[in-house]
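Student: This is the structure I have questions about; it appears just below.
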Amino acid sequence: MHSTEPFSLVTPDGQTLAATRYWVDAQQPKAVVVIAGATAVTQQFYRRFAESLAARGMVALSFDYRGVGGSAPKSLVGYKMDYLDWARVDLATVIRAVARPDLPLLMVGHSYGGHALGLLPPQCQVDGLYTFGTGAGWHGWMPALERLRVRAMWGFIGPILTAWKGYLPFKLLGMGEDLPLDVYRQWRRWCQFPRYFFDDPLIQAQLEGFARVTTPIVAANSIDDAWAVPRSRDAFMAGYTRATVESRDLVPADYGLRNIGHMGYFRAESRQIWEHVHAWADARIAAFTPTSSTP
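Straight run, no breaks: the sequence shown in my numbering ends on number 296.
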């Protein structure tokens with residue numbers, strides 16, 4: 002029987018994060034898996050996937066980044082934050098809280114979640130990352146129609162809406178959770194570069210962690226993911242210069258699906274895709290050697 006436990010964590014800079022733990026009662030866990038979600042997506046979106054991990058004998062953890070979902074303040078107006086802190090502070094806080102020396106610690110990412118590994122502090126080590134839909138965000142990688150939509154969003158719609166509201170009202174557009182103004186500004190800036198923030202001269206010192214990553218990575222992108230087509234993924238993943246990156250191109254028809262897109266990886270009808278993650282996790286568990294101390 003599945004058990005679900007909502008809980009909260011406080012980051013070193015005083016932010017309270019909403020999180021959820023999933024596991025199976027009376028079963029010794031085989032691994033801990035942290036789900037690092039996408040921008041403007043709450044942890045509830047990953048519930049069924051987390052339950053599938055629990056059913057396979059793993060403890061799954063989901064959480065909301067600061068400023069989003071259960072970790073958002075009452076109002077985003079005037080709320081200050083750094084987009085990179087979702088990884089280097091929020092995700093790091095979760096990892097430190099749940100890491101165990103006797104179990105492998107794995108990450109499953111979605112979009113931003115695949116960026117996050119390289120932003121973690123050196124003390125936060127994981128034993129593997131499997132990420133879906135991670136890409137460089139540049140409109141030039143996208144199909145023509147999506148390119149037009151994205152350019153309209155960054156060049157026209159976004160500036161008007163943020164000037165009006167004081168934050169990015171994504172809910173109004175049916176595109177996900179509302180986002181803090183600082184996230185919008187940084188996201189918009191980085192999406193102008195073919196290699197995303199790797200091409201931003203202002204933050205190079207903050208990206209040094211990518212060169213430290215030696216964690217094995219699997220990066221899976223659907224061929225119909227307009228936001229992160231496989232070539233966009235490859236442009237970003239080149240930033241993990243020392244990691245072994247296995248790229249997987251998913252074809253919706255291979256899984257009996259008409260489409261996957263950027264959000265379909267974690268929907269209930271995509272359970273067949275999750276079997277790849279389960280098999281990967283089993284392999285990482287088999288390769289794990291317990292240590293004497295936590296990260």
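C-beta atoms are modelled at their ideal positions from N, C-alpha and C, and glycine is treated no differently.
For clarity, every value in this text was computed on a predicted model and none was experimentally measured.
(1) With a Cβ-Cβ cutoff of 9 Å, do Val42 and Met264 count as a contact?
(2) Where Gly210 and Tyr84 are concerned, what is the direct C-alpha to C-alpha distance, given to the nearest angstrom?
(3) Give me the DSSP bridge partner(s) of Met238.
(4) Across which residues does DSSP place Val21 in a beta bridge pair?
(5) Please classify Ile261: does DSSP put it in a helix, a strand, or coil?
(6) Measure the C-alpha to C-alpha separation of Phe157 and Ser112 and round it to an integer number of angstroms.
(7) Tell me whether the beta-carbon of Ala220 lies closer than 9 Å to the beta-carbon of Arg249.
(8) When you compare the CB positions of Val60 and Val33, do they come within less than 9 Å of one another, or not?
(9) Can you grab the Cα-Cα spacing for the pair Trp71 / Ala39, in whole Å?
(10) Helix, strand or coil for Thr215? Go by DSSP, reduced to three states.
(11) Determine the burial state of Phe8: buried for a count of at least 16 other Cβ atoms within 10 Å of its Cβ, exposed for fewer.
(12) Find the nearest neighbour of Ala239 within the set Ser76, Lys31, Gly136 and Gln16, judged by alpha-carbon distance.
(13) Using the three-state DSSP reduction, which class does Thr290 fall into: helix, strand or coil?
(14) Ala269 lies in the alpha helix (DSSP H); which residues open and close that run?
Tutor: Short version:
(1) In the sequence shown, counting from the first residue as 1, residue 42 sits at position 41. In the sequence shown, counting from the first residue as 1, residue 264 sits at position 263. Cβ atoms of Val42 and Met264: closer than 9 Å.
(2) Within the sequence shown, numbered from 1, the residue matching residue 210 stands at position 209. Within the sequence shown, numbered from 1, the residue matching residue 84 stands at position 83. When rounded, the distance between both Cα atoms is 16 Å.
(3) Within the sequence shown, residue 238 is the residue found at index 237, counting from 1. BP columns for Met238 are empty, so no partner.
(4) If you number the sequence shown from 1, residue 21 lands on position 20. Looking at the sequence shown, residue 21 is not Val but Thr. Pro7 and Ser63.
(5) In the sequence shown, counting from the first residue as 1, residue 261 sits at position 260. Ile261 falls in the coil class under three-state DSSP.
(6) As a working note, residue 157 is residue 156 in the sequence shown. As a working note, residue 112 is residue 111 in the sequence shown. In a straight line, the C-alpha of Phe157 is about 24 Å away from that of Ser112.
(7) As a position in the sequence shown, residue 220 is number 219, starting the count at 1. As a position in the sequence shown, residue 249 is number 248, starting the count at 1. Contact flag set, yes.
(8) Against the sequence shown, residue 60 aligns to sequence position 59. Against the sequence shown, residue 33 aligns to sequence position 32. Contact: yes.
(9) Stepping through the sequence shown from its first residue, residue 71 is reached at position 70. Stepping through the sequence shown from its first residue, residue 39 is reached at position 38. Per the sequence shown, the amino acid found at residue 71 is Gly instead of Trp. If I take the Cα positions, the gap works out to 15 Å.
(10) Walking along the sequence shown from the start, residue 215 turns up at place 214. Looking at Thr215 - three-state DSSP - the assignment turns out to be coil, as it is neither helix nor strand.
(11) Taking the sequence shown and counting its residues from 1, one reaches residue 8 at position 7. Answer is exposed; the Cβ neighbour count stays below 16.
(12) By 1-based counting over the sequence shown, the position of residue 239 is 238. Comparing Cα-Cα distances from Ala239 to each of Ser76, Lys31, Gly136 and Gln16, the minimum goes to Gly136.
(13) As a position in the sequence shown, residue 290 is number 289, starting the count at 1. Here Thr290 sits in coil by DSSP.
(14) By one-based count along the sequence shown, residue 269 stands at place 268. That residue, Ala269, is in no alpha helix (DSSP H); it is neither H nor E in DSSP.
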